Amino acid sequence: MGDLNTDLAELRADVASHVPAEIAEVLKADREGFVGVIAEAAAKPGTAMPDLTLPDASGGRVPVADGPAVVVFYRGAWCPYCNLALRTYQREVLPELENLGAKLIAVSPQLPDDSLSTKDLEFTVLSDVGNELGRALGITFRLDPATKPTFDTLIGDVEKINGAEEWELPYPTVLVVDGEGVIRFIDVHPDYTTRTDPADILAAVKAL
Numbered sequence: 001m002g003d004l005n006t007d008l009a010e011l012r013a014d015v016a017s018h019v020p021a022e023i024a025e026v027l028k029a030d031r032e033g034f035v036g037v038i039a040e041a042a043a044k045p046g047t048a049m050p051d052l053t054l055p056d057a058s059g060g061r062v063p064v065a066d067g068p069a070v071v072v073f074y075r076g077a078w079c080p081y082c083n084l085a086l087r088t089y090q091r092e093v094l095p096e097l098e099n100l101g102a103k104l105i106a107v108s109p110q111l112p113d114d115s116l117s118t119k120d121l122e123f124t125v126l127s128d129v130g131n132e133l134g135r136a137l138g139i140t141f142r143l144d145p146a147t148k149p150t151f152d153t154l155i156g157d158v159e160k161i162n163g164a165e166e167w168e169l170p171y172p173t174v175l176v177v178d179g180e181g182v183i184r185f186i187d188v189h190p191d192y193t194t195r196t197d198p199a200d201i202l203a204a205v206k207a208l
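In structure tokens, the structure reads:
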């Protein structure tokens, strides 16, 4: 079992070496703006998961407070760090969750059609269009407008991908929700090149 954050650090170095120098500088400065940030507004353990339903890739609606469940917020299928984390969770967390009777759900602000780019995932992927759930949990942020041209160059128009006028994303976050719909664990990562360790997720589920 590899270490997820080691893999993410290697990916960060790989991305930096493969993009043009001026883009690499913008990405580096952007990331460094998040290092050390604490999401003080984020929901706390012991509070209720917002009672919202979100659309899945096929248009069905899924209640996110219907636990026990692990809910993973990611920035979008365009984010290589997110894709690495989601595939690691599929490999290392999902089989254990099935044994523990808990679900794995991933949430991003992308429109349902765009979430189909994660169609090789074996768990539910939901669309929080407009960041309604992310905002309710206190885990969203507005991107620096100065970085938008760089992101548009790399991934396309974020507003079009997300179907929203605001250039807003969730911090990568993992929540564990119990069978009563109460948040029992939340881990927020403003530095999007780090993620919650699979062992920490499984320990939180086993503690329910």
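Numbered per the UniProt record's numbering, the sequence shown finishes at 208, counting up by one with no gaps. Glycine included, C-beta positions come from ideal geometry on N, C-alpha and C. Computed from a predicted structure; not experimentally measured.
Query - Selection from 140, 139, 106, 137 that minimises the alpha carbon distance to residue 127 - result: 106
Requested in this report: Can you tell me which of the three DSSP states residue 28 falls into?
Outcome: helix
Requested in this report: Take the Cβ of residue 45 as the centre, count every other Cβ of all protein chains shown within 10 Å, and call the residue buried at 16 or more, exposed below.
Outcome: exposed
Requested in this report: Report, in whole angstroms, the separation of the C-beta atoms of residue 68 and residue 178, which I expect to be a contact under 8 Å.
Outcome: 6 Å
Query raised in the report: Name the DSSP beta bridge partners of residue 140, please?
Result: 170
Report task. Report all residues from its chain with a CB closer than 8 Å to the CB of residue 8; omit the five preceding and five following residues, and keep chain order. Result -> 81, 84, 85, 193, 194, 195
Query raised in the report: For residue 58, does the three-state DSSP call read helix, strand or coil?
Result: coil
Query raised in the report: Can we say the stretch 94–105 touches the stretch 32–51, given the rule of at least three CB pairs closer than 8 Å?
Result: no
Query raised in the report: So what does DSSP say about residue 106, is it helix, strand or coil?
Result: strand
Query raised in the report: Three-state secondary structure (DSSP) at residue 75?
Result: coil
Query raised in the report: Among 70, 75, 78, which one has its Cα closest to the Cα of residue 89?
Result: 70
Requested in this report: Taking the CB atoms as reference points, tell me whether residue 51 and residue 29 lie closer together than 8 Å.
Outcome: no
**Report entry** Assigned secondary structure, residue 15 (DSSP; H/G/I helix, E/B strand, else coil)
**Finding:** helix
Report task. Flag this pair as yes or no: are the beta carbons of residue 125 and residue 197 separated by less than 8 Å? Result -> no
Query raised in the report: Should residue 9 be listed as close to the ligand COA, given that the test is whether its C-beta is under 7 Å from any heavy atom?
Result: This structure simply doesn't include the ligand COA, nor any ligand for that matter.
Requested in this report: My understanding is that residue 224 touches residue 150, with C-beta atoms under 8 Å, so please give their C-beta distance in whole angstroms.
Outcome: Missing from the structure shown is residue 224; the chain here goes from 1 to 208 and no further.
Report task. Give the secondary structure of residue 80 by DSSP, where H, G and I count as helix, E and B as strand, and everything else as coil. Result -> helix
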